[in-house]
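Since the structure comes first, as structure tokens, the remarks are kept for the end.
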Amino acid sequence: MEKIQTRFGEIEYDPANLLHFPAGLVGFPNLRKFIVMPNKKQGPLFWIQSVDDSDIAFVVTDPTNFFLEYKVVPEESEKNMLKIDNVEEYYTLSIVTVPSDHKITLNLAAPILFSPKSNRAIQVILEDTTYQTKTPLPS
Amino acid sequence: MLVVTRRAGEGIVIGDDITVKIIDVKGGNIRIGIDAPRECKIYRQEVYQRISEENRQATQWQIDDLDAIAPNPTHKK
Chain A
333 MEKIQTRFGE IEYDPANLLH FPAGLVGFPN LRKFIVMPNK KQGPLFWIQS
383 VDDSDIAFVV TDPTNFFLEY KVVPEESEKN MLKIDNVEEY YTLSIVTVPS
433 DHKITLNLAA PILFSPKSNR AIQVILEDTT YQTKTPLPS
Chain B
71 MLVVTRRAGE GIVIGDDITV KIIDVKGGNI RIGIDAPREC KIYRQEVYQR
121 ISEENRQATQ WQIDDLDAIA PNPTHKK
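Just so you know, the sequences run in chain order A and B.
First residue of the first sequence: 333, per our numbering; consecutive thereafter.
First residue of the second sequence: 71, per our numbering; consecutive thereafter.
Now the structure itself:
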């Protein structure tokens, strides 16, 4: 096990369980390794903590918890980055923006695709889409 | 920044495998064709910047706020 100091305190993690972003995230190309942090309350929101920059963490969720029809299909080059052969082996996550007024939004325009088998993840930009970077939860 | 003047039909080559070609110039719009390897992602700059800015904003959260909210998942059909 290894330890890092984050803005949420000390976190102990197993390097074998890290989530790898081979291309980083959009605007953060150097953030390659993340610790997956569970939600204490078993809710749909959890977070990923960067190992490369201990100040950086993102709240994420499975968007299909809230948007039942939401589906992102990786392109061939994206499947290669995830090291997956068929589309059954990946999951979709959305980055959640949590403002101080608690009116959270999901970034449905740039989802994260990840493969539990390879522990690899990529953030993809959906260019020709009506999905918004700040999508409020359905009321 | 390197600045070059090109006419319609002309292009530039970046490295060994990226070619940018000016297709045509009409009424203030320039159509550009790009040949690049598939793994080389190409985005409109404003789209890329919007996502980059949203990611930056998404890093600005507090653990107390996360603990205070408990959104209910939409019920699956």
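Ideal placement from N, C-alpha and C gives every residue a C-beta, glycine not left out.
Outcome for residue i when other beta-carbon atoms lying within 10 angstroms are tallied against a minimum of 16
i	result
Leu-72 (chain B)	exposed
Tyr-423 (chain A)	exposed
Ser-471 (chain A)	exposed
Lys-147 (chain B)	Any reading at Lys-147 (chain B) must be qualified, since the residue scores a pLDDT of 47, below 50, and its modelled position is unreliable; the value itself is stated next. It counts as exposed.
Ser-382 (chain A)	buried
Thr-461 (chain A)	exposed
Ser-432 (chain A)	exposed
Glu-124 (chain B)	buried
Ile-507 (chain A)	In the structure as shown, chain A starts at 333 and stops at 471, and residue 507 (chain A) therefore has no counterpart that could be examined.
Which of helix, strand or coil DSSP assigns to residue i
i	result
Tyr-463 (chain A)	coil
Pro-468 (chain A)	strand
Met-71 (chain B)	coil
Ala-453 (chain A)	strand
Leu-414 (chain A)	helix
Gln-115 (chain B)	helix
Ser-447 (chain A)	strand
Gln-127 (chain B)	helix
Thr-396 (chain A)	helix
Glu-342 (chain A)	strand
Asn-349 (chain A)	helix
Arg-364 (chain A)	coil
Residues of its chain near residue i, where Cβ-Cβ distance is below 8 Å and the 5 sequence neighbours each way are ignored
i	result
Thr-393 (chain A)	Pro-376, Leu-377, Phe-378, Leu-425, Ser-426, Val-428 and Leu-438
Asn-362 (chain A)	Gly-356, Asp-384 and Asp-385
Residues of its chain near residue i, where Cβ-Cβ distance is below 6 Å and the 5 sequence neighbours each way are ignored
i	result
Thr-467 (chain A)	Thr-437, Leu-438 and Leu-440
Ile-93 (chain B)	Arg-101 and Gly-103
Leu-350 (chain A)	Lys-365
Closer than 9 Å at the beta carbon, the chain B residues around residue i
i	result
Phe-390 (chain A)	Asn-125, Ala-128, Thr-129 and Trp-131
Asn-373 (chain A)	A small fix is needed here, since residue 373 (chain A) is Lys in this sequence, not Asn. In chain order: Asp-137 and Ala-140.
Thr-424 (chain A)	Result: empty, since nearest Cβ-Cβ is about 15 Å, beyond 9 Å.
7 Å CB neighbourhood of residue i in its chain, flanking five on each side removed
i	result
Val-95 (chain B)	Ala-78
Leu-445 (chain A)	Val-404, Pro-406, Glu-410, Leu-414, Tyr-422, Thr-424, Ala-453, Ile-454 and Val-456
Ser-447 (chain A)	Leu-414, Lys-415, Ile-416, Glu-421 and Tyr-422
Glu-80 (chain B)	Ile-92
Check: residue i C-beta below 8 Å from any heavy atom of the ligand ZN
i	result
Leu-357 (chain A)	Ligands in the displayed structure: none, and consequently the ligand ZN is not present.
8 Å Cβ cut-off: residues of chain B touching residue i
i	result
Glu-408 (chain A)	Arg-108
Leu-445 (chain A)	Result: empty, since nearest Cβ-Cβ is about 13 Å, beyond 8 Å.
Beta-carbon neighbours of residue i, restricted to chain A and to distances below 8 Å
i	result
Thr-144 (chain B)	Asn-397, Phe-398, Phe-399, Leu-400 and Pro-470
Ile-104 (chain B)	Residues of chain A passing the Cβ test: none, with the nearest at roughly 14 Å.
Contact list for residue i against chain A, beta-carbon separation under 7 Å
i	result
Val-117 (chain B)	Ile-457 and Glu-459
Arg-120 (chain B)	Thr-465
Neighbour list for residue i in chain B, Cβ cutoff strictly below 7 Å
i	result
Ile-336 (chain A)	Within 7 Å Cβ-Cβ: nothing; Ile-336 (chain A) doesn't reach chain B, min ~16 Å.
Interface partners of residue i on chain A, CB under 9 Å
i	result
Arg-21 (chain B)	Only positions 71 to 147 of chain B appear in the structure, and residue 21 (chain B) is not among them; the question remains open.
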